[in-house]
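A.B. asks: Residue numbering for the sequence shown follows UniProt numbering, starting at 1 and increasing by one per position.
Every residue, glycine too, gets a C-beta built ideally from N, C-alpha and C.
Take a look at this one; I'll ask things after.
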Amino acid sequence: MTIDSRTAPALPTADGTTSDVSTTANPTGPIPIPPGGSPRLDIEQVSEALLGRWADARREARERAARPELHRPIDASVAEHRERVFEQLGLLAEEGVSHRMLPEHLGGPNDNGGNVASFEELVVADPSLQIKAGVQWGLYTSAIVQLGNEEQQRAWVPDAMDLTTPGAFAMTEIGHGSDVQSLATTATYDPDGGEDGEWIIHTPFRAAWKDFLGNAAIHAKAATLFARLITNGVDHGVHCFYVPVRDADGELLPGVSSEDDGEKGGLNGIDNGRLAFDQVRIPRTNLLNRYGDVAPDGTYTSPIESPGRRFFTMLGTLVQGRVSLDGSAIRASQLALHIAITYATQRRQFSAADPTQETVLMDYQAHLHRLLPKLAETYAGAFAHEQLLLAFDDVFSGRADDPESREDLETLAATLKPTSTRLAMDTIQECREACGGAGFMAENQLVGLHQDLDVYTTFEGDNTILLQLVAKRLLSDYTSELKNVDRAGIGRFIAQRAEVLAKRHTPWARLGQSVADRGNSRRAFDSMRQAEFQEEMLADRARIKVEEVALSLRGAARMSPADAAAEVNKHQVEMLDAARAHAD
């Protein structure tokens, strides 16, 4: 944000002279450190801690994001913004910014954590550019890398990386978004088609059109498409296919239809659109077959026998999007706070304490109170994201690629992405208001940042749905703890826990007990300020909420599926509360 350093002209006084109070009452610039003073924090040390393990990748990415040619245009039309972002994406492709994600057999360093850390910094330049890059390399290309075999990777990944083949990630449909298992697009195998069998990709009705797809309206020449795999009359569930959609000149291929989603509430540098397919044929080998394959005769095989586990394993390989959005939301919060705090250390208002010196905003307690808690939350979010990124890199590098580690990663991503994106929306709005009218000016980024980040709460998993997944995992873990307890023991345990919960239900009751135990209210309150005690309180709160839901649902296992679903629905709000408590 640029602050005008000019001052008002000297004003006439009652005695006819002029006063230069205006030049001293409203000076601009950062609050100076008093002579002989020093910052209370080691700024360099804090900065290094926030950069985390991939500090060098972040520094390089921040230098890139600072380049004007990558910045968001303020007054561009939707069409102009789209073309500018596509050109910017070409610059990133030329510089090989996503090279880190590639495995060694494709010429990359297999540095998945560094790749995501670098990607997150692009939100500072233009969120549209960041998400456009995320669609191209984090979704479309990553699907080929994570779900395809080595031959498929060598065939399609190089053109995806250098932008010869812009791509779309075709999962969401008009009729189904979060419920991926119910997608309606079909891929029916024809053993007599082509030289070696073909898939017939078909959109059976309007609600099955693929929708909200980045790159689909204009730029995509291919798509990694999710459809129901049908062979020999058997539906084997949703799988991923590589489907060309446009020719080299950008014209739609026969049988492929496209529509433009038009102007959106934000991220208008991305050409979101719809795709539909009318009996489009692709080779048998265009099935990305890491978790399921079909032989020329139509025989289906999979290394994972359970269809449900196969489906969730496949989706788990695509967790990178949620990891990236968690970090991007934190970075957006950092940007908003940087703008608002910089403004607050320069902007001066009112002079109650000194008639010749107005007070800087950051000296007002109310202003501190609106910004510093958000700063603290953002610091916490940054450190939490670092743990998520470390777990992600361990799994995707192969160092800890086992079912339990993958499940833990997916749960952590589903926990933090809703938390950080909600924090970003609240923080950006608070920062906008804290900057007054200046915060509402487009050139100062906050309004545009709020518009662009809004959809982060929805894509890559609706926040409410993700928290429900977290709650389900917490309840599953709780149930697993009781598996080795005999029936009588379970009954006693449930009765005992119900009694404990009844006694400890309110924080005030626990506080009173704490005072009684310690015998001194002052010592009790002082101890509650300690980090260890607060962490224990938060953890205990999460455990209690999970136990409350588990006890409420203990009879659901004996119900019919319909009755059990209805019973769970009665406790959805409590499940969300438990998930949020776990996030805290």
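Rounding to the nearest angstrom, what Cα-Cα distance links A117 and R64 in this structure?
C.D. replies: Counting from one through the sequence shown, the residue named residue 117 turns up at place 117. Counting from one through the sequence shown, the residue named residue 64 turns up at place 64. Roughly 13 angstroms separates the two Cα atoms.
A.B. asks: On the three-pair Cβ rule with 8 angstroms, is the segment 293-306 touching the segment 385-401?
C.D. replies: Counting Cβ pairs under 8 angstroms, fewer than three are found: no touch.
A.B. asks: Taking buried to mean at least 16 other C-beta atoms within 10 Å of its own C-beta, is V256 buried or exposed?
C.D. replies: By 1-based counting over the sequence shown, the position of residue 256 is 256. Under this definition V256 is a buried residue.
A.B. asks: Three or more beta-carbon pairs under 8 angstroms between the segment 175-193 and the segment 349-368, yes or no?
C.D. replies: With the cut-off at 8 angstroms, the segment 175-193 and the segment 349-368 do not touch.
A.B. asks: Going by the beta-carbon positions, is the gap between T231 and V294 smaller than 9 angstroms?
C.D. replies: Within the sequence shown, residue 231 is the residue found at index 231, counting from 1. Within the sequence shown, residue 294 is the residue found at index 294, counting from 1. Yes.
A.B. asks: DSSP state of S98, grouped into three classes?
C.D. replies: As a working note, residue 98 is residue 98 in the sequence shown. In this structure, S98 counts as coil in the three-state DSSP scheme.
A.B. asks: How about R281 and G148: do their beta carbons lie closer than 9 angstroms?
C.D. replies: Locating residue 281 in the sequence shown gives position 281, where the first residue counts as 1. Locating residue 148 in the sequence shown gives position 148, where the first residue counts as 1. The answer is no: Cβ separation not under 9 angstroms.
A.B. asks: Counting only the same chain and skipping the five closest in sequence on each side, list residues whose C-beta sits under 8 angstroms from that of T141.
C.D. replies: Position 141 of the sequence shown, counted from the first residue, corresponds to residue 141. Closer than 8 angstroms at the Cβ level, and outside the excluded window around T141, lie S98, M101, V157, A160, M161, G167.
A.B. asks: Can you check DSSP and say which residues form a bridge with F241?
C.D. replies: Here residue 241 is taken as the residue at index 241 of the sequence shown, counted from 1. Beta-bridge pairing links F241 to L225, L287.
A.B. asks: Name the DSSP bridge partner or partners of Y189?
C.D. replies: Residue 189 sits at position 189 when you count from the first residue of the sequence shown. Paired residues: W199.
A.B. asks: Excluding five sequence neighbours on each side, which residues of the same chain lie with their C-beta closer than 8 angstroms to the C-beta of E574?
C.D. replies: The residue labelled residue 574 in the question sits at position 574 within the sequence shown. Excluding positions up to five away in sequence, the list reads K545, E548, V549, S552.
A.B. asks: Excluding five sequence neighbours on each side, which residues of the same chain lie with their C-beta closer than 8 angstroms to the C-beta of G194?
C.D. replies: Taking the sequence shown and counting its residues from 1, the one referred to as residue 194 is at position 194. Correct list, in chain order: R281, P283, R284.
A.B. asks: So if DSSP puts Q534 in a beta bridge, which residue, or which two residues, is it bridged to?
C.D. replies: Walking along the sequence shown from the start, residue 534 turns up at place 534. Answer is none; Q534 lacks a bridge partner.
A.B. asks: With DSSP as the reference, label T427 as helix, strand or coil.
C.D. replies: Residue numbering aside, residue 427 sits at position 427 when the sequence shown is read from its first letter. Here T427 sits in helix by DSSP.
A.B. asks: In its own chain, which residues sit with a C-beta less than 8 angstroms from the C-beta of E95, not counting the 5 before and 5 after it?
C.D. replies: Counting from 1 along the sequence shown, the entry for residue 95 is found at position 95. Same-chain partners within the cutoff: R64.
A.B. asks: For F169, which residues in the same chain have their Cβ closer than 8 angstroms to its Cβ, ignoring the five residues on either side in sequence?
C.D. replies: As a first step, residue 169 is located in the sequence shown; it is residue number 169 there, counting from the start. Correct list, in chain order: V135, L139, Y140, A143, L213, G214, A223, T224.
A.B. asks: Quick one: does V447 have its CB under 9 angstroms from some CB of chain D?
C.D. replies: In the structure shown, chain D cannot be found, because there is only a single protein chain.
A.B. asks: Would you tell me roughly how many angstroms separate the C-alpha atoms of A66 and A125, rounded to the nearest one?
C.D. replies: In the sequence shown, counting from the first residue as 1, residue 66 sits at position 66. In the sequence shown, counting from the first residue as 1, residue 125 sits at position 125. The alpha-carbon atoms of A66 and A125 are separated by roughly 7 angstroms.
A.B. asks: Which word fits A382, buried or exposed, when buried means at least 16 other C-beta atoms lie within 10 angstroms of its C-beta?
C.D. replies: Translated into the one-based positions of the sequence shown, residue 382 becomes position 382. Looking at its Cβ environment, which holds 16 or more other Cβ atoms inside 10 Å, A382 is buried.
A.B. asks: DSSP on E263, reduced to helix/strand/coil?
C.D. replies: To locate residue 263, count along the sequence shown from 1; it is residue 263. E263: coil per DSSP, three-state reduction.
A.B. asks: Can you list, in chain order, the residues of its chain with a C-beta nearer than 7 angstroms to that of I131? Leave out the 5 residues immediately preceding and following it.
C.D. replies: Position 131 of the sequence shown, counted from the start, is the residue given in the question as residue 131. Answer for I131: G214, L267, I270, listed in chain order.
A.B. asks: Whose C-beta lies closer than 6 angstroms to the C-beta of H505 among residues of the same chain, with five residues either side of it excluded?
C.D. replies: For the purposes of this step, residue 505 is taken as residue 505 along the sequence shown, with counting starting at 1. Confidence in H505 is poor, its pLDDT being 49 and thus under 50, which makes the residue's placement too unreliable to answer from.
A.B. asks: So what's D211 in DSSP terms, helix, strand or just coil?
C.D. replies: Reading the sequence shown from its first residue, position 211 is the one you call residue 211. Residue state, collapsed to three classes: strand.
A.B. asks: Tell me the DSSP secondary structure of S22 in three-state form.
C.D. replies: In the sequence shown, the residue the question calls residue 22 occupies position 22. Note that S22 has pLDDT 39, beneath the 50 cutoff, so the model's placement of it is unreliable and the number below is only indicative. Note: S22 maps to helix in three-state DSSP.
A.B. asks: What residue range is occupied by the uninterrupted alpha helix (DSSP H) comprising L275?
C.D. replies: Taking the first residue of the sequence shown as position 1, residue 275 is located at position 275. L275 -> not in any alpha helix (DSSP H); beta strand (DSSP E) instead, spanning 273-277.
A.B. asks: Name the two residues that bound the continuous alpha helix (DSSP H) containing G113.
C.D. replies: The count along the sequence shown starts at 1 and reaches residue 113 at position 113. 112-120 is the span of the alpha helix (DSSP H), which, as asked, contains G113.
A.B. asks: Looking at C-alpha atoms only, which residue of L361, L412, A424, T313 is the closest neighbour of H582?
C.D. replies: Stepping through the sequence shown from its first residue, residue 582 is reached at position 582. Of the candidates L361, L412, A424, T313, the one whose C-alpha sits nearest the C-alpha of H582 is L412.
A.B. asks: Can you list, in chain order, the residues of its chain whose CB lies under 6 angstroms from that of I465, leaving out five sequence neighbours each side?
C.D. replies: On the sequence shown, position 465 is the one that residue 465 refers to. Excluding positions up to five away in sequence, the list reads S178.
A.B. asks: Would you say A471 and A579 are within 9 angstroms of each other, going by their C-beta atoms?
C.D. replies: On the sequence shown, residue 471 is found 471 positions in, with the first residue counted as 1. On the sequence shown, residue 579 is found 579 positions in, with the first residue counted as 1. Yes, the Cβ-Cβ distance between A471 and A579 is below 9 angstroms.
A.B. asks: For S257, name the three-state secondary structure that DSSP assigns.
C.D. replies: Residue numbering aside, residue 257 sits at position 257 when the sequence shown is read from its first letter. Of the three classes helix, strand and coil, the one that applies to S257 here is strand, per DSSP.
A.B. asks: Using DSSP with H/G/I as helix, E/B as strand and the rest coil, what is W508?
C.D. replies: For the purposes of this step, residue 508 is identified with residue 508 of the sequence shown, where counting begins at 1. Since pLDDT at W508 reaches only 45, below the 50 mark, its modelled position is unreliable, and the value read off the structure follows with that caveat. Three-state result, W508: helix.
A.B. asks: According to DSSP, is D167 helix, strand or coil?
C.D. replies: If you number the sequence shown from 1, residue 167 lands on position 167. Note on residue identity: the sequence assigns Gly, not Asp, to residue 167. G167: strand per DSSP, three-state reduction.
A.B. asks: What are the boundary residues of the alpha helix (DSSP H) that includes A155?
C.D. replies: Taking the sequence shown and counting its residues from 1, one reaches residue 155 at position 155. It spans 150-161 - the alpha helix (DSSP H) in which A155 sits, taken as one unbroken run.
A.B. asks: Using 9 angstroms as the threshold, is the C-beta distance between G321 and E120 below it?
C.D. replies: Looking up residue 321 in the sequence shown gives position 321. Looking up residue 120 in the sequence shown gives position 120. Cβ distance not < 9 angstroms, so G321 and E120 don't count as in contact.
A.B. asks: Assuming L416 contacts A384 (C-beta within less than 8 angstroms), just tell me the rounded distance between them.
C.D. replies: Taking the sequence shown and counting its residues from 1, one reaches residue 416 at position 416. Taking the sequence shown and counting its residues from 1, one reaches residue 384 at position 384. That pair is a contact at about 6 angstroms.
A.B. asks: According to DSSP, is Y364 helix, strand or coil?
C.D. replies: On the sequence shown, position 364 is the one that residue 364 refers to. Looking at Y364 - three-state DSSP - the assignment turns out to be coil, as it is neither helix nor strand.
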